[in-house]
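Enquirer:
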Amino acid sequence: MEITIDDRTIEANRGESVLQAAMRHGIEIPHFCYHPRLSIAGSCRICLVKVEGVPKLMPACNLSVAPNMKVSTLAPEVGRAREQVMQFLMLNHPVDCGICDKAGECRLQDYEFAFGPPRSRSLDAKHHKRKLHDLSPRIQLDNERCILCSRCVRFTREISKSNMLGIVERGAHAVVERLDPESVDDAYSDNVIGICPTGALLSRDFLYQSRVWFLEPVRSVCTGCSRGCSIDLWRRKKEWRLRSLGEERNNMLYRVTVHENPEINGPWLCNKGFDQHKLATRERTLSPTLGDVPASIGQAIARARELIAAARSPAALVSAQASNEELDAFKAALGERFRVYAREDSVAQPEEVVEDDFLIKADKNPNSYGVRERFGWKALAAADAQAHDLFLVWGDWGDYAMFGRARVIHLSSFAPQRDRRPDVHIPLSMTFERSGTFCNFEGKPNRFEKVLDKPPLVEHAADVFAQLEAELAVLQRLPEAS
Amino acid sequence: MSGQAAQDVRTENVFMSFAVTSDSHTLDAYRARGGYEALGKALRTMQPGDVEREVTASGLRGRGGANFPVGSKWSFVNKESPVVYLCCNADEGEPGTFKDRWILEHVPHQLVEGILLAAFALHARHAFVYIRGEFDLALRRLRGALDEARAAGLVGEHILGSAFACDVVVHRGGGAYVCGEESSLINSLEGKKGYPRNKPPFPAVKGFYGAPTVVNNVETLANVPWIVARGGAAYAALGNKANPGHRLFGVSGHVNKPGLYELPTGYPMKKLIFEDCGGILGGKPLKAVIPGGSSTPVLTAGEIEALTLDAPSLQQAGSMLGSGGLIVIAEGTCMVRLLQVLTRFYRHESCGQCTPCREGTAWMDDILARVVDGRGQAADLASLQEVPEGILGNTLCALGDAAAMPVLSFMKKFRNEFEYFVANRRSLNDGRLEA
Chain A
1 MEITIDDRTI
11 EANRGESVLQ
21 AAMRHGIEIP
31 HFCYHPRLSI
41 AGSCRICLVK
51 VEGVPKLMPA
61 CNLSVAPNMK
71 VSTLAPEVGR
81 AREQVMQFLM
91 LNHPVDCGIC
101 DKAGECRLQD
111 YEFAFGPPRS
121 RSLDAKHHKR
131 KLHDLSPRIQ
141 LDNERCILCS
151 RCVRFTREIS
161 KSNMLGIVER
171 GAHAVVERLD
181 PESVDDAYSD
191 NVIGICPTGA
201 LLSRDFLYQS
211 RVWFLEPVRS
221 VCTGCSRGCS
231 IDLWRRKKEW
241 RLRSLGEERN
251 NMLYRVTVHE
261 NPEINGPWLC
271 NKGFDQHKLA
281 TRERTLSPTL
291 GDVPASIGQA
301 IARARELIAA
311 ARSPAALVSA
321 QASNEELDAF
331 KAALGERFRV
341 YAREDSVAQP
351 EEVVEDDFLI
361 KADKNPNSYG
371 VRERFGWKAL
381 AAADAQAHDL
391 FLVWGDWGDY
401 AMFGRARVIH
411 LSSFAPQRDR
421 RPDVHIPLSM
431 TFERSGTFCN
441 FEGKPNRFEK
451 VLDKPPLVEH
461 AADVFAQLEA
471 ELAVLQRLPE
481 AS
Chain B
1 MSGQAAQDVR
11 TENVFMSFAV
21 TSDSHTLDAY
31 RARGGYEALG
41 KALRTMQPGD
51 VEREVTASGL
61 RGRGGANFPV
71 GSKWSFVNKE
81 SPVVYLCCNA
91 DEGEPGTFKD
101 RWILEHVPHQ
111 LVEGILLAAF
121 ALHARHAFVY
131 IRGEFDLALR
141 RLRGALDEAR
151 AAGLVGEHIL
161 GSAFACDVVV
171 HRGGGAYVCG
181 EESSLINSLE
191 GKKGYPRNKP
201 PFPAVKGFYG
211 APTVVNNVET
221 LANVPWIVAR
231 GGAAYAALGN
241 KANPGHRLFG
251 VSGHVNKPGL
261 YELPTGYPMK
271 KLIFEDCGGI
281 LGGKPLKAVI
291 PGGSSTPVLT
301 AGEIEALTLD
311 APSLQQAGSM
321 LGSGGLIVIA
331 EGTCMVRLLQ
341 VLTRFYRHES
351 CGQCTPCREG
361 TAWMDDILAR
371 VVDGRGQAAD
381 LASLQEVPEG
391 ILGNTLCALG
401 DAAAMPVLSF
411 MKKFRNEFEY
421 FVANRRSLND
431 GRLEA
């Protein structure tokens, strides 16, 4: 059916709201409480529009489209209603944008500039509510900044189903509150930070870390499980990397936000995903070693080449944390030399949610699908281990005992086992230091981009394989040398 | 009830058709007056559609305040729906209104009979009475009446030996004015917070637990037995043609005989105040009347001259008949302070769900509190105009309008008092009422 919004005639679907139809056609109708994945609250009243033939202004979010409906968002009364609603919302809002992390990406701020009155009418002191306090170990709540849109409440009710939040008290005393302070933290709680249209809910991790306009998002993929949710990793913009900030703050991951991906995660992400940037601060090895001896990359590659060339029956444990491109590089370079075994690099930690019926999958690796597709999925059994005299371990692995007396070449980002050092250890780059694709458990490919530069003595796995292949090819042409 | 006592017992009355005694509320007394005959007649000789047709023909309109035609509300319900619910709204909270309490206390069986007839017409197997939490005697009388009715086979299975069955459940409210709004009443009944719902869908389509639900006021339902017994046409002949029937008018404020009066619609307002209620307290001149509960726009003495007590007449005067609770205000009353009593109420009772009402009611009260405290500023007068205008029509439920209309009408009709208060930091009417 066709409806008219201002001067544009657009095609609308049956059962759709005016707001949805307008958004699909790129017509901006302001909204706070409306969220496409949550139920209709109709409470913020900023989306009021004029409909021809209807005396009152109607909320666009709860207004079903009807054939030949004529909607106006430019009518003077609509502008006036928006101004009045903004006036009401700002009445007791502290306007402490200067110390609020949300400033710069705050819907309330944007709408106040766009639709607010030129100056406040209020002569009274602002009413105060509870200021920044811990809602949970992850989230801070500022009830003064809250506009009671109930997005967070509806999220915990309808999406995460934890019922963690509620609005208590009546009228102007109404506040968002954690309903049961003793309850287990919602595994998806951090989403409420993103859907909050103001600075009421803030990440404790990101609190006062940076103004958001100094940062930029880079599209990435969460490596926390085989769902492979799309995320944005935030780094400092190039023009804002200042010498006075120091090396660390210029080159760090500041935070994670959801990158909406209707194919995989929609607009949601679990808390583990919101913690992806913390991988960058986990202690890792930054230079190759030969046994206990630090070595250069060249030395390490050379030694690895020697071990491979000497091995009669080499085996490789490929990483389910590796990208499709790296797996292809391995297959092309060394696939024929090695017997390939697969494994899950990461497993659920003790307090972690193993699996649920929403996003979290039991396989805690982003690319098991890619491994299975290329190499099948044969796990390494103790009996198989006896048959090999060399293991190329790719990714984290803790069980060297299984290898018996076989030689070990280990490629991983983090320090290998302490009790028995591998013969060669080459540190690898992290996901956010390279680009590539993962295939999630459903086989849906998802691309991630390079966010930060890798440390100098760390190698990309694909480069290691390419160098090994090149050196092995040289050896083959000079058989007497081995 | 002094007003009621002063009135003659008129047998043609819908409600006050008998002398109130210590046991006139019982089943026996009600039956002796012909009670439950309408129910018997309906169950024996009528189809549910017939009851609805009689109610439609009677022109009965909702008595809760919105004055919505009852027949048309019932007609919205899909009678084929597997479940239909009926809710009786007994959450009488509008300041100045006390008619439902009288019905619950004195003619509870008439309400029960009305509920059963409505349930019969609507194919409702379950009916609920959402009763105001502060009511005590009314609650005891209603529960007593239901116990009596259940024991007499009037409520429950096989009512009066027929196949018709209906349970009536009494639910006490938690003390929220907003729960008198039908959709928040349903939320509250479901055990949720008393937040009004977005409309559409209206309760008649999607109400209690998602089923079609009719919410009717106590007085509305208590009219139904009379209509069924004597026919819709007889009811339509009572009072004003456009807005027929009898209504219970609760008169409070500065009159000599405040109380509840049953009158046909179309009755002159001046006659009610100056004859039935015995005129203004202390012989003072009349200053203003709030005609239908605190939410309706105030009318000045001049405006009520030719006014009759029916919806069209009040609408013409720019107000509403609302719940029929008249608040009579004598000359000498400070309208600024009076308005602050009202804004304090709406501030306290706003549910806080939608922005304009949550922020606006508190803001209006803040301004008025300051004005009354002698700290008003000239800009406050403009704000008292702008703020309610920002609420009016922009809220999720009618409570926003209810809070805005008194302020707008007081500012329009008694602006000089507000200006005086702001300019002189004292009331124009200081001490004159008591003098």
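Protein chains in written order, with the numbering used here: chain A, 1 to 482; chain B, 1 to 435.
Glycine residues also receive a C-beta, built at the ideal position from the N, C-alpha and C atoms.
Just grab the DSSP bridge partners of A:Q140 for me.
Expert: What you label residue 140 of chain A is simply residue 140 of the first sequence in a count that begins at 1. DSSP output for A:Q140 lists A:D134 and A:L202 as bridge partner(s).
Enquirer: Starting from B:S427 and walking both ways along the beta strand (DSSP E), at which residues does that stretch end?
Expert: Residue numbering aside, residue 427 of chain B sits at position 427 when the second sequence is read from its first letter. Careful: B:S427 lies outside any beta strand (DSSP E) and carries neither H nor E.
Enquirer: Using the rule of at least 16 other Cβ atoms within 10 Å of the residue's Cβ for burial, across every protein chain shown, is B:C357 buried or exposed?
Expert: As a working mapping, residue 357 of chain B is identified with position 357 in the second sequence. Buried, since its Cβ has 16 or more Cβ neighbours within 10 Å.
Enquirer: Look at the alpha carbon of A:A466 and the alpha carbon of A:S203, and state the distance between them as a whole number of angstroms.
Expert: In the first sequence, residue 466 of chain A corresponds to position 466, counting from 1. In the first sequence, residue 203 of chain A corresponds to position 203, counting from 1. So the two alpha carbons sit approximately 42 Å from each other.
Enquirer: For the region 388-404 of chain B, list every residue whose C-beta sits within 9 Å of some C-beta in chain A, in sequence order.
Expert: For the region 388-404 of chain B, which is checked against every Cβ of chain A, the residues closer than 9 Å are E389, G390, I391, G393, N394, T395 and L396.
Enquirer: Going along the chain, which residues of its own chain have a beta-carbon closer than 8 Å to the beta-carbon of A:A174, five neighbours each way excluded?
Expert: Locating residue 174 of chain A in the first sequence gives position 174, counting from the first residue. The answer, listed in chain order, is L148, I167 and V168.
Enquirer: Within this structure, are the beta carbons of B:L146 and B:G153 separated by less than 8 Å?
Expert: For the purposes of this step, residue 146 of chain B is identified with residue 146 of the second sequence, where counting begins at 1. For the purposes of this step, residue 153 of chain B is identified with residue 153 of the second sequence, where counting begins at 1. B:G153 sits away from B:L146, with the two beta carbons spaced by 8 Å or more.
Enquirer: Are the beta-carbon atoms belonging to A:I264 and A:V192 less than 8 Å from one another?
Expert: Within the first sequence, numbered from 1, the residue matching residue 264 of chain A stands at position 264. Within the first sequence, numbered from 1, the residue matching residue 192 of chain A stands at position 192. Not a contact, by the Cβ cut-off of 8 Å.
Enquirer: Assuming the contact rule is C-beta atoms closer than 8 Å, A:D101 and A:G199 should be a hit. Round their C-beta distance to whole Å, please.
Expert: Position 101 of the first sequence, counted from the start, is the residue given in the question as residue 101 of chain A. Position 199 of the first sequence, counted from the start, is the residue given in the question as residue 199 of chain A. Rounded, the Cβ-Cβ distance is 6 Å, consistent with contact.
Enquirer: Rounded to whole angstroms, what is the Cα-Cα separation between B:I329 and A:P197?
Expert: Taking the first residue of the second sequence as 1, we reach residue 329 of chain B at position 329. Taking the first residue of the first sequence as 1, we reach residue 197 of chain A at position 197. Approximately 46 Å, taken between the alpha carbons.
Enquirer: At what residue ranges does the region 224-260 of chain A contain a whole run of the alpha helix (DSSP H), taking only runs of 4 or more?
Expert: The qualifying runs are 247-250.
Enquirer: Does the contact criterion of 3 or more C-beta pairs under 8 Å hold for the region 201-214 of chain B versus the region 263-273 of chain B?
Expert: no
Enquirer: Is the beta carbon of A:E459 within less than 7 Å of some heavy atom of the ligand FMN?
Expert: As for the ligand FMN, it is missing from this structure, which has no ligand bound.
Enquirer: Output the distance between the C-alpha atoms of A:S482 and A:A309, rounded to the nearest integer angstrom.
Expert: The count along the first sequence starts at 1 and reaches residue 482 of chain A at position 482. The count along the first sequence starts at 1 and reaches residue 309 of chain A at position 309. The pLDDT assigned to A:S482 is 44, lower than 50, so where the model puts this residue is not dependable; a value taken from the coordinates is nonetheless given after this. About 8 Å.
Enquirer: Whose CA, out of A:F88, A:R45, A:R374 and A:M430, lies closest to the CA of B:M364?
Expert: On the second sequence, position 364 is the one that residue 364 of chain B refers to. For B:M364, the nearest C-alpha among the options comes from A:F88.
Enquirer: Closer than 9 Å, Cβ to Cβ, to anything on chain A: give me those residues from the region 183-201 of chain B, in chain order.
Expert: K193, G194, Y195, R197, N198, K199 and P200
Enquirer: Could you name the residues of the region 33-55 of chain A whose beta carbon sits closer than 7 Å to any beta carbon of chain B, in the order they occur along the chain?
Expert: I40, G42, S43, C44, R45 and L48
Enquirer: I'd like to know whether the C-beta of A:D124 is nearer than 8 Å to at least one C-beta of chain E.
Expert: This model lacks chain E altogether, as its protein chains are A and B.
Enquirer: Taking only the alpha-carbon atoms, compute the straight-line gap between A:N251 and A:A300 and give it to the nearest angstrom.
Expert: Translated into the one-based positions of the first sequence, residue 251 of chain A becomes position 251. Translated into the one-based positions of the first sequence, residue 300 of chain A becomes position 300. A:N251 and A:A300: Cα-Cα distance of roughly 28 Å.
Enquirer: Along chain A, in chain order, which residues have C-beta atoms closer than 8 Å to that of B:P356?
Expert: Counting from one through the second sequence, the residue named residue 356 of chain B turns up at place 356. In chain order: R45, Q84, V85 and F88.
Enquirer: If you measure from the beta carbon of A:L148 to each beta carbon in chain B, is any gap under 8 Å?
Expert: Counting from one through the first sequence, the residue named residue 148 of chain A turns up at place 148. So, interface residue.
Enquirer: Under 8 Å between C-beta atoms, does B:R347 make it to chain A?
Expert: Indexing the second sequence from 1 puts residue 347 of chain B at position 347. With 8 Å as the cut-off, B:R347 counts as an interface residue toward chain A.
Enquirer: Pairing CB atoms from the region 273-288 of chain B with CB atoms from the region 228-237 of chain B, are three or more of them under 8 Å?
Expert: no
Enquirer: Only counting the same chain, and skipping five residues up and downstream in sequence, which positions put a Cβ closer than 7 Å to that of A:D419?
Expert: Taking the first sequence and counting its residues from 1, the one referred to as residue 419 of chain A is at position 419. Around A:D419: no qualifying Cβ.
Enquirer: Are the Cβ atoms of A:L380 and A:P427 separated by less than 8 Å?
Expert: As a working note, residue 380 of chain A is residue 380 in the first sequence. As a working note, residue 427 of chain A is residue 427 in the first sequence. No.
Enquirer: Under the rule that 16 or more other beta-carbon atoms within 10 Å means buried, what is B:W102, buried or exposed?
Expert: On the second sequence, residue 102 of chain B is found 102 positions in, with the first residue counted as 1. By the neighbour-count rule (16 or more Cβ atoms within 10 Å), B:W102 is buried.
Enquirer: Quick one: complete beta strand (DSSP E) runs, 3+ long, within the region 170-220 of chain B?
Expert: 213-217
Enquirer: Whole angstroms are fine: how far does the CA of A:S319 sit from the CA of B:P200?
Expert: Locating residue 200 of chain B in the second sequence gives position 200, where the first residue counts as 1. Locating residue 319 of chain A in the first sequence gives position 319, where the first residue counts as 1. Each residue's alpha carbon lies about 55 Å from the other.
Enquirer: For A:V49, write down the residues that DSSP places opposite it in a beta bridge.
Expert: Mapped onto the first sequence, residue 49 of chain A falls at position 49. For A:V49, the beta-bridge partners assigned by DSSP are A:M58.
Enquirer: Output, in chain order, the set of chain A residues within a Cβ distance shorter than 8 Å of B:D373.
Expert: The count along the second sequence starts at 1 and reaches residue 373 of chain B at position 373. Residues of chain A passing the Cβ test: none, with the nearest at roughly 12 Å.
Enquirer: So is B:D91 in contact with chain A if we call contact Cβ pairs under 8 Å?
Expert: Your numbering for residue 91 of chain B matches position 91 in the second sequence. Not an interface residue.
Enquirer: With DSSP as the reference, identify every bridge partner of A:W394, one or two as the case may be.
Expert: The residue labelled residue 394 of chain A in the question sits at position 394 within the first sequence. Paired residues: A:L411.
Enquirer: For a cutoff of 8 Å on Cβ pairs, would you count A:G395 as touching chain B?
Expert: Your numbering for residue 395 of chain A matches position 395 in the first sequence. So no, A:G395 is outside the interface.
Enquirer: Please report the straight-line C-alpha distance between B:V289 and B:V205, rounded to a whole angstrom.
Expert: Within the second sequence, the letter at position 289 stands for residue 289 of chain B. Within the second sequence, the letter at position 205 stands for residue 205 of chain B. Those two C-alpha atoms are separated by around 37 Å.
Enquirer: Keeping to the same chain, check which residues put their C-beta closer than 7 Å to that of A:N163; ignore five residues upstream and five downstream.
Expert: Taking the first sequence and counting its residues from 1, one reaches residue 163 of chain A at position 163. The residues are T156, R157 and L179.
Enquirer: I'd like the list of long-range same chain contacts for A:E355, defined as Cβ closer than 8 Å, with 5 residues on each side in sequence excluded.
Expert: The residue given as residue 355 of chain A occupies position 355 in the first sequence. Closer than 8 Å at the Cβ level, and outside the excluded window around A:E355, lie K361 and A362.
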